[in-house]
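K.L.:
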Amino acid sequence: MSVRTATPDDVPVVVRLVHELADYEKAAHECGLTEDQLHAALFGPDPSAGAFVATGDDGAVVGTAIWFRTFSTWEGVAGIHLEDLYVTPGARGGGHGAALLAELAAEVTRRGWKRLEWNVLDWNTPAIGFYRSVGAVPNEGWTTYRLTGDPLVALAGRNGGAAAR
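In our numbering, the protein residues as written are -9 to 155.
Dropping the structure here:
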């Protein structure tokens, strides 16, 4: 088993893993990620995300961690938001998830950043147990809000995009 930074050759399998994760989270219909989109996000001229992959003994990719940079005004430095952590069912329990999280923590510390954060579905008790086992704690009292689709477009039009001009 090993963990490494994803390469362009990994994009097809990482996209497949993201779709598997969406299916596991009962939201396959919401996942539209394409290989072109992920390639641009990871390797385009202005990358917006990073990714690590975990490989099994045979070198095949069995897990992924996709992340993006955040900034904390309270800490005064950047951090990492883990967007997706996924290990294929057949490879679970082999330490791949812990190795991916450890690599993310190492990335945070290498860069002199202060936080590694992520969201977890409240019904995903196996993931919650795993995260607690590595010392992670829930951010009690905070609820994540999301604005997408028509409401996002409507809000964007309120000021006519004045700040962008």
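Virtual Cβ for every residue (Gly too), placed ideally from N, Cα, C.
For residue 0, collect the residues of the same chain with a Cβ closer than 7 Å to its Cβ; drop the 5 residues on either side in sequence, then sort them by chain order.
P.N.:
43 and 51, listed in sequence order.
K.L.:
One question on the structure: do residue 5 and residue 74 come within less than 8 Å of each other, judged by their Cβ atoms?
P.N.:
No, they are not a contact pair.
K.L.:
How many whole angstroms separate the CB atoms of residue 32 and residue -4, which I take to be in contact at a CB cut-off of 8 Å?
P.N.:
The Cβ separation is near 6 Å, so the contact holds.
K.L.:
For residue 101 and residue 41, I'd like the C-alpha separation in whole angstroms.
P.N.:
About 16 Å.
K.L.:
For residue 128, tell me which candidate among 12, 65, 68 and 107 has the shortest Cα-Cα distance.
P.N.:
Nearest C-alpha to residue 128: 107.
K.L.:
May I ask you to list the residues that DSSP assigns as paired with residue 56?
P.N.:
For residue 56, which the question treats as bridged, DSSP gives the partners 41 and 74.
K.L.:
Determine the burial state of residue 83: buried for a count of at least 16 other Cβ atoms within 10 Å of its Cβ, exposed for fewer.
P.N.:
With fewer than 16 other Cβ atoms within 10 Å, it is exposed.
K.L.:
Per DSSP, what kind of secondary structure is residue 69 in: helix, strand or coil?
P.N.:
If DSSP states are grouped into helix, strand and coil, residue 69 belongs with the strands.
K.L.:
Please classify residue 89 as buried or exposed, where buried requires at least 16 other C-beta atoms within 10 Å of its C-beta.
P.N.:
Residue 89 comes out buried.
K.L.:
Could you tell me which of -2, 14, 49 and 66 sits nearest to residue 79, measuring between CA atoms?
P.N.:
When each option's Cα is compared against that of residue 79, the closest is 14.
K.L.:
Give a yes or no on contact between the region 59 to 71 and the region 18 to 31, applying the rule of three or more CB pairs nearer than 8 Å.
P.N.:
The region 59 to 71 is not in contact with the region 18 to 31.
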